[in-house]
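Per the numbering used here, the sequence shown starts with residue 5, numbered consecutively.
Ideal Cβ positions, reconstructed from N, Cα and C, are used throughout, including at glycine.
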Amino acid sequence: MGSFLDQGLRFTCQSGCRYCCGVEPGYVFLTRDDITRLCDHLHLRQQEFLRTYCRKVSMGSISYVSLRERENNDCEFLIETGCSVYPARPVQCATYPFWSTILTDAATWEEEKSWCPGIGKGALHTKDEIESLLAMRRGVEPAVWEEMVF
Ligand code: SF4
Ligand code: SF4
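This is the structure in structure tokens:
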């Protein structure tokens, strides 16, 4: 990982911004642990949760479980006050913007500012914090649709 992480990076989600939870179409892929945690949080059985809140996204020969979007591209869990499942939100959401693809180098981090106005502002996240967020996703694959939905 580039040394630009050594001094930590600033990021604070900006009040009123909904950009990464809606506005544009996108995918929020769920891991098996995400599905279990969200089912517990919502008191839903897994099949009910998958059929109500999830969709199948095919990538090549594999299909993954992603959250559904509303017609306006908002996440199903986005409400006026923010994320309605915040304590149980998917790891993809909980770790943004500290993703390996965004932290490739200083330039990719700077480029992400065009999407996320919280980057470079507010709280300073130490290198250790950032590396533990990166570790949360390392080696964890999204759940495969056919293995989950029956
Ligand atoms: S794009 Fe950035 S500032 Fe906007 S909601 Fe997402 S994390 Fe927060
Ligand atoms: S689950 Fe919550 S944090 Fe993630 S995209 Fe949906 S509303 Fe946003």
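Less than 8 angstroms separating the beta-carbons of residue i and residue j?
i	j	result
K125	T40	no
M79	V32	In the sequence on display, residue 79 carries Cys and not Met. Going by C-beta atoms, C79 is nearer than 8 angstroms to V32.
C120	C43	no
G12	T130	yes
Could you tell me the alpha carbon to alpha carbon distance between residue i and residue j, rounded to whole angstroms?
i	j	result
R93	F53	14 angstroms
L138	T99	7 angstroms
H45	T35	15 angstroms
L82	G26	8 angstroms
M71	Q50	Residue identity check: residue 71 is Leu in the sequence provided, not Met. Cα to Cα, L71 sits roughly 13 angstroms from Q50.
V89	G64	30 angstroms
D132	K60	35 angstroms
W149	L48	18 angstroms
T108	S62	26 angstroms
L144	E115	Checking the displayed sequence, the identity of residue 144 turns out to be Val instead of Leu. Approximately 25 angstroms, taken between the alpha carbons.
T112	P101	11 angstroms
T85	R22	10 angstroms
E75	R14	33 angstroms
Please go through the same chain and pick out, in chain order, the residues whose beta-carbon is closer than 6 angstroms to the beta-carbon of residue i, but skip the five residues on each side of it.
i	result
A127	T16
V153	L54
Q18	P121, G122
Thinking residue i and residue j are a contact (beta carbons under 8 angstroms), I'd like their distance in whole angstroms, please.
i	j	result
E68	P146	The question names Glu, but residue 68 in the sequence shown is Tyr. The Cβ separation is near 4 angstroms, so the contact holds.
Tell me which residues share the same chain as residue i and place their Cβ nearer than 8 angstroms to its Cβ, disregarding the 5 neighbours each side in the sequence.
i	result
P29	E73, N77
R141	V95, Q96, T99, W103, S104
K117	I123, G124
P91	H45
By Cβ distance, which residues of its chain are closer than 7 angstroms to residue i, with the 5 residues on each side in sequence left out?
i	result
D38	P94, V95
I66	V148
E151	none
I106	T112, W113, E116
Tell me, please, which residues DSSP counts as bridged to residue i.
i	result
H45	Beta-bridge pairing links H45 to no other residue.
C60	Here the sequence assigns Lys to residue 60, which means Cys is not the residue at that position. K60 pairs with V69.
I83	G86
F154	In DSSP, F154 forms no bridge with anything.
L138	L138 pairs with nothing; no bridge assigned.
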